[in-house]
Structures are given as structure tokens and as C-alpha cells.
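See structure below.
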Amino acid sequence: MSREILKITGEDREHFLQGLVSNDVARLKDGLVYTAMLTPQGKYIADFFLVPAGDAILLDVDASLAPMLTQRLTMYKLRSKVTIAPAALYLHRGLGARPDDGFADPRHEALGWRAYRQDPAGEDTTDWTALRVGLGVPETGAELGPDSFILEMGFERLKGVDFKKGCYVGQEVTARMKHKTELRKGLARVVGAAPLRAGADILSEGKPAGTVLSVAGNRALAYLRFDRAEKGLEADGQALRFETL
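Under the working numbering, read the sequence shown as residues 222 to 466, first letter to last.
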């Protein structure tokens with residue numbers, strides 16, 4: 222997992238971000254803020270962490286999204302007194318005791334800590350995919366893509382959205398999904414008797430019901446139609462057990 226760290230400076234930085242992201246930037250006073258940027262239609266553009274850093278805010282994003290996200294933020298900047306630039310920092314992650322420069326991962330306590338340092342991290346042997354599958358945490362490029370709605374992907378459970386903060390791009394659609402509809406599709410965990418295959422189609426009574434996404438042995442995250450999940454599921458010829466998150 223390659224990450225890019227951006228640095229946002231300028232006196233308007235908090236106000237600027239507040240109108241663009243799904244979470245409340247004021248929460249930076251308590252540590253990391255997990256959030257997303259959406260299209261006006263409420264669909265996913267990018268998810269990232271905002272990091273308090275004195276007179277700056279760091280933005281920790283998947284490296285594959287960094288150029289596009291920088292371009293989008295710059296487009297929205299207009300006359301705001303804000304500067305967006307790469308930061309010469311590297312992400313370090315770990316489980317167990319949190320170091321003095323570390324921040325607790327706000328999505329789930331079992332995801333450990335994140336720190337931002339001038340030197341690259343050493344080899345990491347943690348099986349983060351297995352941990353994500355066990356906790357139901359989506360990731361860029363695996364579960365999260367241009368057609369994703371963040372509520373279907375569990376962002377409320379993962380503390381990545383705030384429904385009281387006021388307007389931001391995509392807020393209207395997100396609020397409507399929260400208050401006026403019951404989610405018919407979304408992220409779930411499936412379990413088989415044998416190892417699963419990422420990308421496998423999930424069927425229910427011969428009808429398409431979803432897709433296997435991140436895999437950890439015989440467990441996987443999947444995008445499912447919930448109305449079909451209760452009728453029995455299978456993928457690649459083996460029966461699956463469905464678990465809500």
C-alpha cells in the first residue's frame with residue numbers, strides 16, 4: 222500500500238476543507254480525521270486521513286489518487302488562502318503501543334496507529350488485508366471506486382462521515398441515503414469452506430447477487446445485494462455464508 226502525504230497550509234485551510242469533505246474538520250483537535258471527497262452526485266472520489274500538524278494540515282491518501290486529488294483541490298481553491306503541496310514525509314503504521322508521534326486510526330481501534338516521519342518505513346509484515354477483511358474496512362481500488370457511495374461502504378460505522386457539520390460537495394445525496402432510504406446494497410463479509418477468489422461473481426438462486434472483493438483465505442469482503450443475500454449465496458461453485466458488518 223503506497224501512500225502520498227500532502228501538506229495544506231494557509232489561513233483558510235480548515236474552512237476550505239470543511240466545504241469539501243464528508244467529515245467535520247473541527248475534529249482535528251482530537252487527532253486524525255478519516256473522510257472522503259465526493260462528486261456532486263454523492264459518489265466517491267477519494268478517501269483519506271486529515272492530520273493535525275501545527276499551522277498545517279497533512280492529507281494522507283493512496284498514492285494512485287494523489288495527482289487527481291491535488292488537481293481537484295486546486296480547482297476548488299479559487300481565492301482561498303490555501304497552498305497544497307507534497308510533504309516530504311512517509312507513513313508508518315503499527316499495532317500495539319502507540320508511539321509519541323503516532324495517531325490512533327479513527328476507523329477502528331484494532332487498526333493501530335499511524336505516524337508521519339521523514340524516513341521511509343521499514344519492512345511491514347502485518348497482514349493488513351486480513352485485518353481489513355476481519356473488521357470490514359474498505360480500501361481504495363479494492364472496495365472503493367468511482368461508483369461507490371460511502372454509506373454503502375460503511376463510512377458511518379468507520380467514523381468517516383458527519384451528518385451535523387453542514388454543507389459539503391455530495392452532502393445532499395449522502396443525507397438522503399441516510400434519512401430517507403434503506404440500503405439495498407453494500408459492503409458485507411462472506412465466508413466459504415475453501416479459499417475465495419477476488420473478482421468472483423456471487424450468485425443467489427442463479428441470479429447475480431454481488432462480487433467478491435478483498436480476500437483473506439476463505440473470508441472476503443463483498444459488495445452484495447442484501448435482498449438476495451438471505452436466499453443462499455455461492456461463488457465459483459461453493460456455498461457462502463453472509464455476514465453483515
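Where is the CB? At the ideal position from N, CA and C, for every residue including glycine.
Which listed residue (the options) has its alpha carbon closest to that of residue i
i: residue 306; options: 278, 326, 323; result: 278
i: residue 265; options: 286, 422, 461; result: 286
i: residue 300; options: 336, 234, 392, 375; result: 234
i: residue 457; options: 247, 282, 466, 412; result: 412
i: residue 337; options: 329, 330, 325, 331; result: 325
i: residue 404; options: 414, 345, 423, 370; result: 370
i: residue 308; options: 244, 229, 349; result: 229
8 Å contact criterion, which residue i and residue j should meet: CB distance rounded
i: residue 449; j: residue 430; result: 4 Å
i: residue 505; j: residue 440; result: Nothing in the structure corresponds to residue 505, since the chain is present only between 222 and 466.
i: residue 249; j: residue 270; result: That pair is no contact at about 10 Å.
i: residue 372; j: residue 395; result: 6 Å
Cα-Cα separation, residue i to residue j
i: residue 303; j: residue 296; result: 12 Å
i: residue 257; j: residue 419; result: 25 Å
i: residue 312; j: residue 343; result: 10 Å
i: residue 310; j: residue 340; result: 7 Å
i: residue 360; j: residue 232; result: 32 Å
i: residue 327; j: residue 423; result: 31 Å
i: residue 388; j: residue 292; result: 21 Å
i: residue 459; j: residue 428; result: 15 Å
Helix, strand or coil at residue i according to DSSP, with G and I counted as helix
i: residue 289; result: helix
i: residue 361; result: strand
i: residue 431; result: strand
i: residue 237; result: helix
i: residue 338; result: strand
i: residue 392; result: helix
Check: residue i C-beta below 8 Å from any heavy atom of the ligand NAP
i: residue 403; result: As far as ligands go, the structure on display features none, and thus does not contain the ligand NAP.
Beta bridge counterpart(s) of residue i as assigned by DSSP
i: residue 455; result: 424, 460
i: residue 491; result: Beyond the ends of the chain as shown, which are 222 and 466, falls residue 491; an answer cannot be given.
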